[in-house]
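To start, the structure under review is shown below, and the notes come after it.
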Amino acid sequence: MNILIRLRNLKNSLQTKIRIAIWSLEYPGRVEFGDCVSSRDVMRLRLGPEGSLVVGDGTFFNNGCSLNCMKRIEIGRNCLFGENVTVYDHNHRFSSFSRLAEQGYKSASIKIGDNCWLGTNVVVLKGVTIGDGCVVGANVVVASDIPPDSIVTQSRDLNIAPIIRTN
Amino acid sequence: MNILIRLRNLKNSLQTKIRIAIWSLEYPGRVEFGDCVSSRDVMRLRLGPEGSLVVGDGTFFNNGCSLNCMKRIEIGRNCLFGENVTVYDHNHRFSSFSRLAEQGYKSASIKIGDNCWLGTNVVVLKGVTIGDGCVVGANVVVASDIPPDSIVTQSRDLNIAPIIRTN
Amino acid sequence: MNILIRLRNLKNSLQTKIRIAIWSLEYPGRVEFGDCVSSRDVMRLRLGPEGSLVVGDGTFFNNGCSLNCMKRIEIGRNCLFGENVTVYDHNHRFSSFSRLAEQGYKSASIKIGDNCWLGTNVVVLKGVTIGDGCVVGANVVVASDIPPDSIVTQSRDLNIAPIIRTN
């Protein structure tokens, strides 16, 4: 009983408000979008039968974001989500030998504060709280809590080696 | 001589079986999908003239997965692929000074076992074997073999620093 | 005053040249594509009013690449961009307490040399120079300069632990 909804801004130069009406038809009371929530392009939302999703006023989602909610995802006001940010408040269970798809989920609520910026390809996992005013760098996996007003980046210890070329 | 095929599940609430018929028209015998293989949304497959791709029964692909096959990619039964998982059994060669696109590929077969769960944005590179029952965390690049029944995550040593704000 | 343009190659087996005509209508002189630039599927370009973007002859973009330009992005000849490569020559400012979206951007030009290969999900950040002939591995975030003829990979120190299962 999941839903997948695609929102398209046909007029690219305008950021259109996502209309709450679309949601309330399917799951009245469980999806709550503030004023002036917008998405640049396609955004994917999936909610399980017990899932509730709240997005505060003025929050913006860049291309390809995906919010997946079995329990509760709460996103504050005036956040900026970069491209392909994914948020999952649940994991597959995998502690028995049976098929993964039959083992169900472990869920834990996610809370993202006001005025947060999540960079490209950030993944937010179940049970995480990200405080107000945080900046999360590109490609970071957030698996534990982030205190308010923090900047978080991946380890940038890249391996750099010369390429020896021959002809 | 590559192909790019897009499969769309128009009815989102149902997971439709990918029909083998589509493939066999182009490359009879080289793409083999088991029963009840499904894809939530768009899935991208590319096969070179020598490529062979096998996907076992009951394996599921979330949005935006991409399988790219010059030699052989074998995926087991009942796997769950997260969003944007990409699998490449080949790399560009870059050992000479000529144009990259003219240097061709190095290929090595990939094998992913049964009942594996690959998280969002996982990238699986050439020559890798992932054993049965593995769980690969979000954003991991798999460049070497993973023994069966392993859970694999990126280093989660994030750099977290306070933001000092002024008005 | 940004633009979002989508290019689709309807004929997948042919790599179609991106026509410069499309761009010059909107921002004459600010987007410059060389000969035989191609994109496999959708490519997203965003330019601010001061942005300039140059792409050299023969450069190829795989599915889902995104170039975002407030100042200047210069990409050399014969590069290969993997899937979902994103390039941003600007960051949101976040040094005051006001709303993120009102604080504007910090921009710094990006230069990517000739004959570079950027892997899947690579993110290139503002101010970076990548020398000629570089190879950047999947999921790498490039936040500082890369000397010419380098191969760059993420730390591949994965955490691998056994899964203990019970029935």
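Protein chains in written order, with my numbering: chain A, -6 to 160; chain B, -6 to 160; chain C, -6 to 160. All C-beta atoms, glycine included, are put in the ideal place defined by N, C-alpha and C.
Other residues of its chain near residue i: CB distance less than 6 angstroms, five sequence neighbours each side excluded
i        : result
C:CYS72  : THR52, CYS109
B:PHE54  : SER32, MET36, PHE74
C:VAL58  : The residue asked about is misnamed: residue 58 of chain C is Cys in this sequence, not Val. Here the set comprises MET36, PHE74, VAL78.
A:ARG149 : none
B:GLY97  : ARG86
C:GLU25  : VAL47
C:ILE144 : VAL128
C:CYS62  : LEU40, GLY44, LEU46, ASP82
B:GLU67  : VAL47, LYS104
C:LYS161 : The question about residue 161 of chain C has no answer, for chain C in this structure spans -6 to 160.
A:ARG23  : SER45
A:VAL134 : VAL116
C:PHE90  : none
A:GLN8   : In this prediction, A:GLN8 scores a pLDDT of 32, lower than 50, which makes its location untrustworthy; no coordinate-derived value is stated.
Span of the beta strand (DSSP E) around residue i
i       : result
C:ARG37 : 36 to 40
A:VAL24 : 24 to 26
C:VAL30 : C:VAL30 -> no beta strand (DSSP E), and no H or E assigned at all.
Chain-ordered neighbours of residue i on chain B, where CB pairs are closer than 8 angstroms
i        : result
C:SER89  : ARG158, THR159, ASN160
A:GLY126 : ILE156, ARG158
Chain-ordered chain A contacts of residue i [CB-CB under 7 angstroms]
i        : result
C:ASN132 : ASN132
7 angstroms Cβ cut-off: residues of chain B touching residue i
i        : result
C:ILE113 : This sequence places Thr at residue 113 of chain C; Ile is not what is there. The contacting residues are THR79, VAL116.
Under 7 angstroms by beta carbon: chain C residues contacting residue i
i        : result
A:ASN147 : The identity of residue 147 of chain A in the sequence shown is Gln, whereas the question assumes Asn. Those are VAL134, listed as they occur along chain C.
Amino acids of chain C, ordered along the chain, whose beta-carbon sits closer than 8 angstroms to that of residue i
i       : result
A:LEU93 : Going along chain C, no residue has its Cβ under 8 angstroms from A:LEU93, so there is no contact; the nearest lies around 11 angstroms.
Proximal chain B residues relative to residue i, where beta-carbon distance stays under 9 angstroms
i        : result
A:SER143 : ILE153, ALA154, PRO155, ILE156
Beta-carbon contacts of residue i that lie in its chain and below 8 angstroms, excluding the five residues immediately before and after
i        : result
A:ASP50  : GLY27, ASP28, CYS29, VAL30, ARG70, ASN71
A:ASP107 : GLY49, GLY69, ARG70, ASN71, CYS72, ASP125, GLY126
B:ASN132 : GLY112, THR113, ASN114, VAL115, GLN147
B:ASP142 : GLY124, ASP125, GLY126, CYS127
C:ALA136 : LEU118, VAL121
A:ILE139 : VAL121, THR122, ILE123, GLY124, CYS127, VAL129, VAL145
Under 9 angstroms from the C-beta of residue i: neighbouring residues of chain C
i        : result
B:ILE139 : LEU151, ILE153
Same chain only: Cβ atoms within 7 angstroms of residue i, ignoring 5 sequence neighbours per side
i        : result
A:PRO155 : none
B:LEU93  : HIS85, PHE87
* Runs of beta strand (DSSP E) lying entirely within the segment 63 to 151 of chain C, each at least 3 residues, in chain order -> 65 to 68, 79 to 81, 83 to 85, 98 to 100, 103 to 105, 143 to 146
* Quick one, which residues of the segment 60 to 87 of chain B are near chain C if we go by CB-CB under 8 angstroms, in chain order? -> ASN77, THR79, TYR81, HIS85, PHE87
* To do: Could you list the residues in the segment 27 to 59 of chain A with a C-beta less than 7 angstroms from some C-beta on chain B, going in chain order?
  => ARG37, SER59
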